[in-house]
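Student:
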Amino acid sequence: MDYIIATSNLTKSYKEKVVVDKVNLHVKKGEIYGFVGPNGAGKSTIMKMLLNLVRPDSGEIYIFGEKMDDKNYECLKRIGCIIENPYFYEKMTGLQNLELHCDYMGYHNRRRIKDVLELVNLQNIEGKAVSQYSLGMKQRLAIARAILAKPELLILDEPINALDPEGIKEMRLLFGRLHQDYGATIFISSHILSEVEQIADRIGVITGGKLLKEISIHEVHEYQTEYIEINTDNVKQAACLLEQDKRLSHFDVVDDTIIRIYSTVVSGKEISALLVKNGVGLESIGRKENSLEDYFFQLTEEGK
Amino acid sequence: MVHLLKLEIRKFRLPRKIMAAFFAVAFCILFITVSLVDSMTDPEQTKDTFESTFLLIGLLVSFIFLIYSSILTSTSVINEYSQRTITILFSYPLNKKLLIVIKMMLIMAFTAISLLFGYVCCCGYIVGMDYAFDMLEGSFQISYLSEWVPMAVTSTIICGVLSWWPFVIGMIKKSVPATIVTSLIVLFVRQLIITKNPTNQENLFQVVLVLIVTLVAVMIVFREKVTKID
Numbered sequence: 003m004d005y006i007i008a009t010s011n012l013t014k015s016y017k018e019k020v021v022v023d024k025v026n027l028h029v030k031k032g033e034i035y036g037f038v039g040p041n042g043a044g045k046s047t048i049m050k051m052l053l054n055l056v057r058p059d060s061g062e063i064y065i066f067g068e069k070m071d072d073k074n075y076e077c078l079k080r081i082g083c084i085i086e087n088p089y090f091y092e093k094m095t096g097l098q099n100l101e102l103h104c105d106y107m108g109y110h111n112r113r114r115i116k117d118v119l120e121l122v123n124l125q126n127i128e129g130k131a132v133s134q135y136s137l138g139m140k141q142r143l144a145i146a147r148a149i150l151a152k153p154e155l156l157i158l159d160e161p162i163n164a165l166d167p168e169g170i171k172e173m174r175l176l177f178g179r180l181h182q183d184y185g186a187t188i189f190i191s192s193h194i195l196s197e198v199e200q201i202a203d204r205i206g207v208i209t210g211g212k213l214l215k216e217i218s219i220h221e222v223h224e225y226q227t228e229y230i231e232i233n234t235d236n237v238k239q240a241a242c243l244l245e246q247d248k249r250l251s252h253f254d255v256v257d258d259t260i261i262r263i264y265s266t267v268v269s270g271k272e273i274s275a276l277l278v279k280n281g282v283g284l285e286s287i288g289r290k291e292n293s294l295e296d297y298f299f300q301l302t303e304e305g306k
Numbered sequence: 075m076v077h078l079l080k081l082e083i084r085k086f087r088l089p090r091k092i093m094a095a096f097f098a099v100a101f102c103i104l105f106i107t108v109s110l111v112d113s114m115t116d117p118e119q120t121k122d123t124f125e126s127t128f129l130l131i132g133l134l135v136s137f138i139f140l141i142y143s144s145i146l147t148s149t150s151v152i153n154e155y156s157q158r159t160i161t162i163l164f165s166y167p168l169n170k171k172l173l174i175v176i177k178m179m180l181i182m183a184f185t186a187i188s189l190l191f192g193y194v195c196c197c198g199y200i201v202g203m204d205y206a207f208d209m210l211e212g213s214f215q216i217s218y219l220s221e222w223v224p225m226a227v228t229s230t231i232i233c234g235v236l237s238w239w240p241f242v243i244g245m246i247k248k249s250v251p252a253t254i255v256t257s258l259i260v261l262f263v264r265q266l267i268i269t270k271n272p273t274n275q276e277n278l279f280q281v282v283l284v285l286i287v288t289l290v291a292v293m294i295v296f297r298e299k300v301t302k303i304d
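Keeping their order, the protein sequence lines are chains P and G. All you need for the numbering used here is the position in the first sequence, starting with 1, plus 2. All you need for the numbering used here is the position in the second sequence, starting with 1, plus 74.
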């Protein structure tokens, strides 16, 4: 398999606390890989290790098929990144920051600076000192910097943080375009699961430093089944009625008040009629859908 | 490496730094002028000698430029860590340690050149002023240079080496105030040591000792601190 990023048993501890625990990541060439997990799950640490910013305690990292270590920094020419917050030389202008980036990267196409500023909607303010930028503007400038040298691999740590909904949509479209036009591989972490769901080809779910699962978004969509959720004051009796009267077995008792029915042969109307007829109190009933969020929570619960 | 050096020089904003060095030298000259005028006009004071004025120049320029070098270390190196721009720098395809070495060498070279320039300007100034206004006791002899030049060179070397100490402590603490305060402590300790020497200057043993201790400290910091940005 042609992996752009592969890690083997990647482990990192800080003061005896394991923050990354034997992680085996696999990012294929040309895909958008969504890296999801709660705060402190180890996402940023892994991203820093991929960029050689943090040294792993054990395990190996392969980028573009080559083993990453302190001496092998040439592959960083092929990577664009945003790590943690959008850091810049605040006294310099946006344009000067991007020029400096070109110099360090050994990228000499200065006309591209104007193009990327247009792509992220920052044209006409590039002469302003970065200290005068809002957080959203800095985030856009960071994205411009990351894509400036047309990298083959983009490592983006929470790139849509601080963007307004319109900005998030623009960036989603931009990442899709970069992926389509340049065939860039994008490794992106985000808390906004619905956004990751819309752009990622595959996702990796991490919690407590452990990578729980790598799964394609198609598989996630298969999981996204519809169900009827009922909220009742007598879960036991309701469950008995569903089993005995409607011969249903494909349902879950979620907690003391909620039952989820995955069968498509009965309607909500029939179920509510059954429960009311038998004197079971019904708070609410409705058709719902499992989302990536539900899938994520299920996985993280299993991982605990 | 040459490419990296050019980039760092550009980022260093050399014209501004040179301008600041000129101001620092001008301040030294002003200070010396006030001191000389005071000793000339106050009938109770005896005139300063060339020797004592040269010692004053040495103290002034090393004081000013060591502090200035610690400010440069703060803005060019320590700030990169405290403001986290180092995460961007270290994600570029370059040797991280070499990058910091180049930054520090640049600061050290700038400090040394500024210090020498300060010596030349201030010494030239007192010689010129004495020639014009007879401000000092006795007259300038070429033979003074045989004493002044080695002292100025030794002082420049020592200050160049000592300019690494604010970096060492600044890297350990990753703090700008710690960097600048270190330069003041270094100056104080140096002054304590050299005033005990009859020449008011470090002897060869002290120069070598300072060089070795600084080298060891810098190597430890490079091994343990420079590439760590957790």
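Where a beta carbon is used, it is the ideal one built from N, C-alpha and C, also for glycine.
In angstroms with no decimal places, state the Cα-to-Cα distance between P40 of chain P and I194 of chain P.
Tutor: Going by the C-alpha atoms only, they are around 10 angstroms apart.
Student: How about W238 of chain G and V292 of chain G: do their beta carbons lie closer than 7 angstroms?
Tutor: Their beta carbons are under 7 angstroms apart, which means W238 of chain G touches V292 of chain G by this criterion.
Student: Check this for me: beta carbons of T13 of chain P and V21 of chain P, under 7 angstroms apart or not?
Tutor: It is not a contact, given that the beta carbons lie outside the stated cut-off.
Student: Where does S191 of chain P fall in DSSP's three states?
Tutor: Strand.
Student: When you compare the CB positions of V99 of chain G and Y193 of chain G, do they come within less than 7 angstroms of one another, or not?
Tutor: No, the pair does not count as a contact, with Cβ atoms beyond the cut-off.
Student: Excluding the five sequence neighbours on either side, which residues of its own chain have a C-beta within less than 6 angstroms of the C-beta of T288 of chain G, listed in chain order?
Tutor: Same-chain partners within the cutoff: V235 and W238.
Student: Counting beta carbon pairs with one atom in the region 127-142 of chain G and one in the region 50-66 of chain P, are three or more of them shorter than 8 angstroms?
Tutor: Contact between the region 50-66 of chain P and the region 127-142 of chain G is absent, because fewer than three Cβ pairs lie under 8 angstroms.
Student: Would you mind working out which of G:R87, G:G198, G:Q215 and G:I138 sits nearest L258 of chain G, comparing C-alpha positions?
Tutor: The shortest C-alpha separation from L258 of chain G is found at G:I138.
Student: Please state whether DSSP places Y64 of chain P in a helix, a strand or coil.
Tutor: Correct three-state label for Y64 of chain P: strand.
Student: According to a CB-to-CB cut-off of less than 9 angstroms, which residues of the region 106-118 of chain P neighbour chain G?
Tutor: Cβ contacts with chain G: Y106, M107 and G108.
Student: Pairs of beta-carbons, one from the region 147-159 of chain P and one from the region 180-196 of chain P, closer than 8 angstroms: are there three or more?
Tutor: Yes: the two stretches touch, three or more of their Cβ pairs being nearer than 8 angstroms.
Student: Determine the closest residue to I34 of chain P out of P:I287, P:E231 and P:S192, with distance taken between C-alpha atoms.
Tutor: Of the listed residues, the one whose Cα sits closest to I34 of chain P is P:S192.
Student: Of all the options P:G32, P:E18, P:N11 and P:G36, which has the alpha carbon lying nearest to the alpha carbon of T216 of chain P?
Tutor: For the sequence presented, residue 216 of chain P should be read as Glu rather than Thr. Nearest option by C-alpha distance: P:G36.
Student: Out of G:V284, G:T127, G:D116 and G:H77, which one is the CA nearest neighbour of C196 of chain G?
Tutor: For the residues G:V284, G:T127, G:D116 and G:H77, the minimum Cα distance to C196 of chain G belongs to G:T127.
Student: So, A144 of chain P versus I84 of chain P, is the Cβ gap smaller than 7 angstroms?
Tutor: Yes; because the gap between Cβ atoms is below 7 angstroms, this pair is in contact.
Student: Using the Cβ count rule (16 or more neighbours within 10 Å means buried), how would you classify Q265 of chain G?
Tutor: Burial call: exposed.
Student: Work out the CA separation of A8 of chain P and K31 of chain P for me, nearest whole Å.
Tutor: When rounded, the distance between both Cα atoms is 11 angstroms.
Student: From what residue to what residue does the beta strand (DSSP E) around I232 of chain P run?
Tutor: Per DSSP, I232 of chain P belongs to the beta strand (DSSP E) from E228 to T234.
Student: May I ask which residues mark the beginning and end of the alpha helix (DSSP H) holding R297 of chain G?
Tutor: Unbroken alpha helix (DSSP H) run through R297 of chain G: L278 to E298.
Student: Using the C-alpha atoms, what's the distance from T234 of chain P back to E285 of chain P?
Tutor: When rounded, the distance between both Cα atoms is 5 angstroms.
Student: Can the beta-carbon of L78 of chain G be found less than 7 angstroms from the beta-carbon of I160 of chain G?
Tutor: No, Cβ-Cβ distance for L78 of chain G and I160 of chain G is not below 7 angstroms.
Student: Pick from G:L146, G:I174 and G:T107: whose alpha carbon is nearest that of F86 of chain G?
Tutor: Among G:L146, G:I174 and G:T107, the Cα nearest to that of F86 of chain G belongs to G:L146.
Student: Please check if any C-beta of chain G sits within less than 7 angstroms of the C-beta of K212 of chain P.
Tutor: It does not: the Cβ of K212 of chain P has no partner Cβ on chain G nearer than 7 angstroms.
Student: Of all the CB atoms in chain G, is at least one closer than 7 angstroms to the CB of L53 of chain P?
Tutor: It does; some Cβ of chain G falls within 7 angstroms.
Student: In the DSSP assignment, the alpha helix (DSSP H) including L243 of chain P goes from what residue to what residue?
Tutor: Segment V237 to Q246, the alpha helix (DSSP H) holding L243 of chain P.
Student: Count the other C-beta atoms from every protein chain shown that fall within 10 angstroms of the C-beta of V267 of chain P, then say buried if there are 16 or more, exposed otherwise.
Tutor: Exposed is the call here.
Student: Relative to the alpha-carbon of K212 of chain P, which residue among P:Y5, P:K130 and P:V38 has its alpha-carbon at the smallest distance?
Tutor: The residue with the shortest Cα to Cα distance from K212 of chain P is P:V38.
Student: Assuming Y2 of chain P and V132 of chain P are in contact, meaning their beta carbons sit under 8 angstroms apart, how far apart are those beta carbons, in whole angstroms?
Tutor: The question about residue 2 of chain P has no answer here: the residues shown for chain P are numbered 3 through 306.
Student: Mind pulling the chain P residues with CB within less than 7 angstroms of T161 of chain G?
Tutor: Those are L55, I85, E86 and Y89, listed as they occur along chain P.
Student: Hey, how far is the Cα of M49 of chain P from the Cα of L129 of chain G?
Tutor: About 55 angstroms.
Student: In the DSSP assignment, find the beta strand (DSSP E) that holds I141 of chain G and state where it starts and stops.
Tutor: No beta strand (DSSP E) contains I141 of chain G, which is instead part of the alpha helix (DSSP H) from F124 to T147.
Student: Say whether chain B places a C-beta atom closer than 7 angstroms to the C-beta of Y229 of chain P.
Tutor: In the structure shown, chain B cannot be found, because the protein chains are P and G.
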